[in-house]
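Participant: Residue numbers (the working numbering): 60 to 127.
The structure is given below, and queries will be raised subsequently.
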Amino acid sequence: MNRDSSSSPTPRRRKSRSSTPRVSREEASSLSSQFRDLVNSLPDMFNKLLEARFLDNSPPSGSSFNQS
């Protein structure tokens, strides 16, 4: 909420308070579940990226060092 208030010069808080939320409860719950899945998958993705990077880098670098 701090980002929105700082980025936009017009005060959004009054509008959001009076107006009804545009996102329905079902949409919000599905979005939150998707976000939770994404957050849960992030460490696994990061580990896979690290493994791929090490697998890609270590054999060529070792062979190149041995060759040179």
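Just so you know, even glycine gets a beta-carbon here, dropped at the ideal spot from N, CA and C.
This structure is a prediction, so every number in the text was calculated from the model and none was measured.
I need the straight-line Cα distance from Val-98 to Asp-115, nearest angstrom please.
Facilitator: Computed Cα separation, rounded: 26 Å.
Participant: For Phe-94, which residues in the same chain have their Cβ closer than 6 Å to its Cβ, ignoring the five residues on either side in sequence?
Facilitator: Hits under 6 Å: none found.
Participant: Please decide whether Glu-110 counts as near chain B, where near means a Cβ-Cβ distance under 9 Å.
Facilitator: The chain inventory of the structure shown lacks chain B, comprising one protein chain alone.
Participant: Drop a sphere of 10 angstroms on the beta-carbon of Ser-127, count the other beta-carbons inside from all chains shown, and report buried for 16 or more, exposed for fewer.
Facilitator: In this prediction, Ser-127 has a pLDDT of 45, which is less than 50 and means its spatial position is unreliable; what the coordinates show is noted afterwards. Ser-127 is exposed by the Cβ-count criterion.
Participant: If you reduce the DSSP assignment to three classes, tell me which class Met-92 lands in.
Facilitator: Checking the sequence shown, residue 92 turns out to be Ser, not Met. Looking at Ser-92 - three-state DSSP - the assignment turns out to be helix.
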